[in-house]
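Let me begin by presenting the structure, written as structure tokens, before commenting on it.
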Amino acid sequence: MSLLRRGRERVRAFWNKPALDAELEAELAAHLEFAIEENLERGLAPEEARRLALVSFGGMVQAKEQQREARGLMTLDILLQDLKYALRTLARDRGFTTVAILILALGIGANIAVFSVVNTLLLRPLPFPGSEQLVRILERDPKGGESSMTYSTDAMQEFQAKNRSFQQVTGYFAFSGPDNNKLMGNGQPQPVTGLMVAGNFFPTLGVAPILGRNFSTEETLKNSRPVAMLSYPFWKRQFGGNPGIVGQTMDIDGQQVTVVGVLPNTFDFGSVFSPGAKVDFFGPAIFSDMEDWGNTIALVGRLKPGVTLGQAQTEADSLFPKLHFNWKHPEWGGDYTANLTGLKDYVSGKLRRSLIVLWCAVGMILLIVCVNLSNLLLARAAARGKEFALRTALGAGRGRIVRQLLTESVVLSGAGAILGLGMAFAIVAWLAHQGSIALPLLGSLRIDGAALGWTLLIAVTTSILFGLAPGLRMGRGDLQAALKDGGRGASDGRSHERLRAVLVVSEVALACVLLVGAGLLLRSFLHVLDVDLGFEPSHSAAISVAYDDGGNAVKRGAIWQQVIQRVDQIPGVESAGISDNLPMSVNRSWGISAKGHTYRKGELPGTFVYMVSPGYLKSIGMRLVKGRDIRWDDNDQTQPVVVINETIARHLWPGEDPVGRIGEINLTEARVIGVVADVHETNAETEAGWQMYLSATAPQFGPVGANLVVRTKLPPAALASGVMRVLREINPAQPANEFRPIQMLVDHASSPRRFFMMLVSAFAGLGLLLAALGIYGVISYSVTQRTQEIGIRMALGSSTGRVQRDVLAKTLRLAVAGLVVGTVASLLVARLIASLLFATSPWDPEAFAGMAVALLVVAVVSGYIPARRASRIDPMVALRDN
Amino acid sequence: MGKLDLLQGTLDLMVLQTLAAMGAQHGYGIARRIEQVSGNEVLLNQGTIYASLVRLEQRGWIESNWGVSDNNRKAKFYAITEEGREQLAEDARYWARLTGVMDKVLAMSPDAGQEEGAA
């Protein structure tokens, strides 16, 4: 009770300081008067009376301090004093303060931004309720692209019925390309992206529509009324966020589709399931229509509470091999396997190592920043030695001085953190809108509470890290020496300088590690760019073509031929061709085998299949190794033709000429007419699989969509309008699809690598800059400290060159020491990132040599400036001065 | 033999007792009174009394008012409150118990200690 009152009183006293001080002053004055009076009465002389009164009172200043301490909040008082003083000193030393805050802001900003990325991709759960129960189900060995990551609708339904581990099993149609539908309305048809999902897709994920409702069971049945749910951005963009949209219809490919619901803004299909893709609307997958389509459904399930992934996996291992591919043909067998992965793991598992490396890199930057600031503060503290000595002489305790220095570093890192936070906001906002980077969840990137907490943690840690060393050092300074010494003699700082040298060496070593890491990643990236893709992405572009052939191969042939002939005539077009799928985008796989051979179960991998027109191989820049291209008349009713890639040729007809051989594709015999070089169908880094090209005019098979590929020497944008005009003339319903350079597909596939490489390189550059600053600081300081010594040496006949050489030698000694330590550290670190490298050894000599050269050049440059200054010292001035 | 150093908290108790015995008094008066009663055995810098006074006042055990002294000087007078009296009684009891125990402990003779230890 009384304690509480006392606390309140103390707070009140803290705010009421001047009045209370005045009162105390008056009270003490009265006290002395009483004492003097009494002494006078005892017959003492006035002088003596006063002296005795003061003696028995004790220390006047101490009494006041004691009273104030008892009365108010001393700690807070001192803190405010320190803060005021720190602000004043920092404001006076503007150059230092600016550099320090900028360095800190860069370090802290980079850290917050990377933390936000790591937090979004790795730490934060997926944006679904109970997301830890969500599981992605894939084939064990997904060698055949999307087709081997998917299951037939029959298999899915069978698994759903038989399993006991999952609450729900759902899935989506995995073969929708971008702009696969057209929205008819007023004016030009507009390309839109639709995706078919199982009826229970959204309920399983736990996504509730913000308007309307989810698909009903009736709507997933054959011949039901077509319905759709809109994605939030599409609803906003296309319908202006009309709240009355539910129940209205839109014209998709000539069909009236009723909108039944709008999905929330937080649901971004692409960012979770297919990085970089945007989906405009979702339709219910009607399984009875899809049972003959083969493996088309990507499976996602929600585990029952309490069921572990391991238990579910055990059950799946026994169920999947027995699932039917197609109930109407039980003899086909499914040969399914299942590999259960937590959805979160599936989305970002592959990125974990890259992200951790990134996190470490940015942590190293922060460490360099701290070391650098320690160094700057040390230099500054040395210059302020006298000030502190004076304060000590006036009675400041060591703790008080350390506290003062810590306050300064807290103020600095606080300012740095605020500025850094601003930078991080800008970076994160920019990153969140980089749709071209194929990283998952990027759209949901933001600075949240966790990031703010992280900022606070970093700011506090850094200020302690870089403020403590100089603080402790200052606190134990030799008072007398400092007061006597002009602050410039040689005595002040042997050990001081040694500490600073150690700091610089560690800074250089850290920069070394960053540079080697960046060098290795850069070399890997260059190697990826150098990979022979099997096609020529430059100088070609593609556009998705709409046509209506009514499922008739002859009609299709006629339309395609007309398109290609007309486009070929556009000036600047070298060649044109059509394929249903393009490399490094959507793919599907069937199977091919050599006729007359029997193969073990699972011996043959899935084969990527492309339905192409004549001229496609040339237009995309593929190389025909043997035989011939597909022709318009390759539409044999009995035996279709096929062009295979070298990998198939090597495996199915080893040591033979495959041209003219007969293969079997989906139980149909096909004649091999040509062999093409392997194409990297997924990305440049993975090995090419089996690929075959079938004639799109063959009646046996059917393409899924059509991409017109045009090869030209002109920039693709110059052709876009000409091509679109031709397509519109042939088919007025052609939507305004984008004419996309093929290079974009390649860039998209390598964008994560580019992203990480760029970031690590930026950090390495920053590290190098900071290391240079550190070297410069130390050398420049030591030149200033030794002005006198250098002056004497020059007076005694030392040449300018000699002085310069000495300073440079000193610089190089620091740099080489850092280089040696850094190289050893890099050799260890390189092993850890080996799995992120592509066709590059972790001990790549060029990366290490490049790092060494870069560092030495930077060291020489940052040492040269003070060296020059040293050589210009005028002996007379230097000796007279002081 | 030097003067006694004051134990932590004893000054507060002395001040309370002084005020209880003398009625309202100013700082100098309290300090002088303590010096007189202790027969100048206590090492007391008079100035330290003001920290004690502010502490007691903030706890609500004494209260203060500016007034005029017998010799017509303006001074701040302190008086004990009801709450202060209660606290004083409690502290005095505590002090008596403590000194009682200390007396007993210090009265232990060497022989008695050995007998205790042997038993």
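Protein chains in written order, with our numbering: chain A, 1 to 882; chain B, 1001 to 1119.
Glycine residues also receive a C-beta, built at the ideal position from the N, C-alpha and C atoms.
Beta carbon proximity, residue 48 (chain A) to chain B, threshold 7 angstroms:
Here the question's residue 48 (chain A) lines up with position 48 in the first sequence. Not one chain B Cβ lies under 7 angstroms of residue 48 (chain A).
Looking at residue 862 (chain A) and residue 775 (chain A), is the spacing between their C-beta atoms short of 7 angstroms?
Position 775 of the first sequence, counted from the first residue, corresponds to residue 775 (chain A). Position 862 of the first sequence, counted from the first residue, corresponds to residue 862 (chain A). A contact, by the Cβ cut-off of 7 angstroms.
Can you name the residues of chain A whose CB is closer than 8 angstroms to the CB of residue 1094 (chain B)?
The residue labelled residue 1094 (chain B) in the question sits at position 94 within the second sequence. By Cβ distance, chain A contributes nothing, its closest Cβ being about 16 angstroms from residue 1094 (chain B), past 8 angstroms.
Skipping 5 residues on each side, what residues in its chain have a beta carbon closer than 6 angstroms to that of residue 678 (chain A)?
Within the first sequence, residue 678 (chain A) is the residue found at index 678, counting from 1. 534, 645, 646, 647 and 688.
Rounded Cβ spacing between residue 204 (chain A) and residue 168 (chain A) (contact assumed at less than 8 angstroms)
Counting from 1 along the first sequence, the entry for residue 204 (chain A) is found at position 204. Counting from 1 along the first sequence, the entry for residue 168 (chain A) is found at position 168. That belief holds up - the Cβ atoms of residue 204 (chain A) and residue 168 (chain A) are roughly 4 angstroms apart, short of 8 angstroms.
Using the beta-carbon of each residue, which ones in chain B are nearer than 8 angstroms to residue 10 (chain A)?
Stepping through the first sequence from its first residue, residue 10 (chain A) is reached at position 10. Per Cβ cutoff of 8 angstroms: 1058.
N- and C-terminal bounds of the beta strand (DSSP E) containing residue 235 (chain A)
Reading the first sequence from its first residue, position 235 is the one you call residue 235 (chain A). Run containing residue 235 (chain A): none in the beta strand (DSSP E); it sits in the alpha helix (DSSP H), 232-239.
Which term fits residue 327 (chain A), buried or exposed, when burial requires 16 or more other beta carbons within 10 angstroms of its beta carbon?
Start at 1 with the first residue of the first sequence, and residue 327 (chain A) comes out as number 327. By the 10 Å Cβ count, residue 327 (chain A) comes out exposed.
Using the Cβ count rule (16 or more neighbours within 10 Å means buried), how would you classify residue 344 (chain A)?
Position 344 of the first sequence holds residue 344 (chain A). With 16 or more other Cβ atoms within 10 Å, it is buried.
Report all residues from its chain with a CB closer than 7 angstroms to the CB of residue 334 (chain A); omit the five preceding and five following residues, and keep chain order.
By one-based count along the first sequence, residue 334 (chain A) stands at place 334. Result list for residue 334 (chain A): 155, 323, 324 and 325, in chain order.
Please state whether DSSP places residue 339 (chain A) in a helix, a strand or coil.
Residue numbering aside, residue 339 (chain A) sits at position 339 when the first sequence is read from its first letter. Strand, per DSSP.
So, is the C-beta of residue 92 (chain A) closer than 7 angstroms to a C-beta in chain B?
In the first sequence, counting from the first residue as 1, residue 92 (chain A) sits at position 92. Residue 92 (chain A) does not count as touching chain B.
Check the Cβ-Cβ distances between residue 1027 (chain B) and every residue of chain A, and say whether any is below 7 angstroms.
As a working mapping, residue 1027 (chain B) is identified with position 27 in the second sequence. Yes, its Cβ sits closer than 7 angstroms to a Cβ of chain A.
Short Cβ contact (7 angstroms threshold) for residue 873 (chain A) with residue 792 (chain A)
Taking the first residue of the first sequence as position 1, residue 873 (chain A) is located at position 873. Taking the first residue of the first sequence as position 1, residue 792 (chain A) is located at position 792. Their beta carbons are not under 7 angstroms apart, which means residue 873 (chain A) does not touch residue 792 (chain A) by this criterion.
Residue 942 (chain B) touches chain A at which residues, Cβ-Cβ below 8 angstroms?
As displayed, chain B neither begins before 1001 nor continues past 1119, which places residue 942 (chain B) out of reach and without an answer.
In chain B, which residues lie less than 7 angstroms from residue 883 (chain A) when you measure between Cβ atoms?
This structure does not reach residue 883 (chain A), given that chain A is present from 1 up to 882, and the question cannot be answered.
Should residue 210 (chain A) and residue 264 (chain A) be called a contact, given that it needs their Cβ atoms to be closer than 7 angstroms?
Counting from 1 along the first sequence, the entry for residue 210 (chain A) is found at position 210. Counting from 1 along the first sequence, the entry for residue 264 (chain A) is found at position 264. Yes, Cβ-Cβ distance for residue 210 (chain A) and residue 264 (chain A) is below 7 angstroms.
Beta-carbon contacts of residue 580 (chain A) that lie in its chain and below 8 angstroms, excluding the five residues immediately before and after
On the first sequence, position 580 is the one that residue 580 (chain A) refers to. 610, 611, 612, 696, 703, 704, 705, 706 and 707, listed in sequence order.
Where are the beta strand (DSSP E) runs, 3 residues long or more, that stay fully inside the region 687-731 of chain A, in chain order?
DSSP runs (the beta strand (DSSP E)) wholly in the region 687-731 of chain A: 690-695 and 707-712.
Spell out whether any CB of chain B is found under 7 angstroms from the CB atom of residue 497 (chain A).
The residue labelled residue 497 (chain A) in the question sits at position 497 within the first sequence. With 7 angstroms as the cut-off, residue 497 (chain A) does not count as an interface residue toward chain B.
According to DSSP, is residue 1078 (chain B) part of a helix, a strand, or is it coil?
As a first step, residue 1078 (chain B) is located in the second sequence; it is residue number 78 there, counting from the start. Strand.
Inspect the CB distances between the region 376-390 of chain A and the region 455-470 of chain A and report whether three or more fall short of 8 angstroms.
Yes: at least three Cβ pairs fall under 8 angstroms.
In the DSSP assignment, the beta strand (DSSP E) including residue 541 (chain A) goes from what residue to what residue?
As a position in the first sequence, residue 541 (chain A) is number 541, starting the count at 1. Run containing residue 541 (chain A): 540-544, per the beta strand (DSSP E) assignment.
Rounded to whole angstroms, how far is the Cβ of residue 625 (chain A) from the Cβ of residue 676 (chain A), which I believe are closer than 8 angstroms?
Position 625 of the first sequence, counted from the first residue, corresponds to residue 625 (chain A). Position 676 of the first sequence, counted from the first residue, corresponds to residue 676 (chain A). With 8 angstroms as the limit, residue 625 (chain A) and residue 676 (chain A) qualify as a contact, their Cβ atoms being about 6 angstroms apart.
Sequence-distant residues of the same chain with beta carbon closer than 6 angstroms to residue 133 (chain A), five excluded per side
On the first sequence, residue 133 (chain A) is found 133 positions in, with the first residue counted as 1. So the list reads 302 and 303, once near-sequence residues are dropped.
Hey, does residue 30 (chain A) have any beta-carbon neighbour from chain B nearer than 7 angstroms?
The residue you call residue 30 (chain A) lines up with position 30 of the first sequence. So, interface residue.
Same chain, Cβ closer than 6 angstroms to residue 36 (chain A), neighbours up to 5 away in sequence not counted:
Taking the first residue of the first sequence as 1, we reach residue 36 (chain A) at position 36. Closer than 6 angstroms at Cβ, skipping near neighbours: 49, 50 and 53.
Residue of A:191, A:273, A:224 and A:196 minimising C-alpha distance to residue 253 (chain A)
The residue labelled residue 253 (chain A) in the question sits at position 253 within the first sequence. A check of alpha carbon separations from residue 253 (chain A) across A:191, A:273, A:224 and A:196 identifies A:191 as the nearest.
Is there at least one Cβ from chain B nearer than 7 angstroms to residue 396 (chain A)'s Cβ?
As a position in the first sequence, residue 396 (chain A) is number 396, starting the count at 1. Residue 396 (chain A) does not count as touching chain B.
Check the DSSP bridge columns for residue 645 (chain A) and list the partner residues they point to.
Here residue 645 (chain A) is taken as the residue at index 645 of the first sequence, counted from 1. A:676.
Candidates A:101, A:267 and A:576: closest to residue 565 (chain A) by CA position:
The sequence position of residue 565 (chain A) within the first sequence is 565, counting from 1. Ranking the options by Cα distance to residue 565 (chain A), first place goes to A:576.
Measure the Cβ-Cβ separation of residue 285 (chain A) and residue 426 (chain A) and say whether it is below 7 angstroms.
Start at 1 with the first residue of the first sequence, and residue 285 (chain A) comes out as number 285. Start at 1 with the first residue of the first sequence, and residue 426 (chain A) comes out as number 426. For residue 285 (chain A) and residue 426 (chain A), no; Cβs fall outside 7 angstroms.
Tell me the DSSP secondary structure of residue 210 (chain A) in three-state form.
What you label residue 210 (chain A) is simply residue 210 of the first sequence in a count that begins at 1. Looking at residue 210 (chain A) - three-state DSSP - the assignment turns out to be coil, as it is neither helix nor strand.
Quick check on the burial criterion: 16 or more other C-beta atoms within 10 angstroms. Buried or exposed for residue 663 (chain A)?
Along the first sequence, one-based indexing puts residue 663 (chain A) at 663. With 16 or more other Cβ atoms within 10 Å, it is buried.
Closest Cα partner of residue 112 (chain A) within the set A:448, A:466, A:339 and A:529:
Translated into positions along the first sequence, residue 112 (chain A) becomes position 112. Nearest in C-alpha terms to residue 112 (chain A), of all of A:448, A:466, A:339 and A:529, is A:448.
Does any residue of chain B have a CB that is nearer than 7 angstroms to the CB of residue 75 (chain A)?
For the purposes of this step, residue 75 (chain A) is identified with residue 75 of the first sequence, where counting begins at 1. It does not: the Cβ of residue 75 (chain A) has no partner Cβ on chain B nearer than 7 angstroms.
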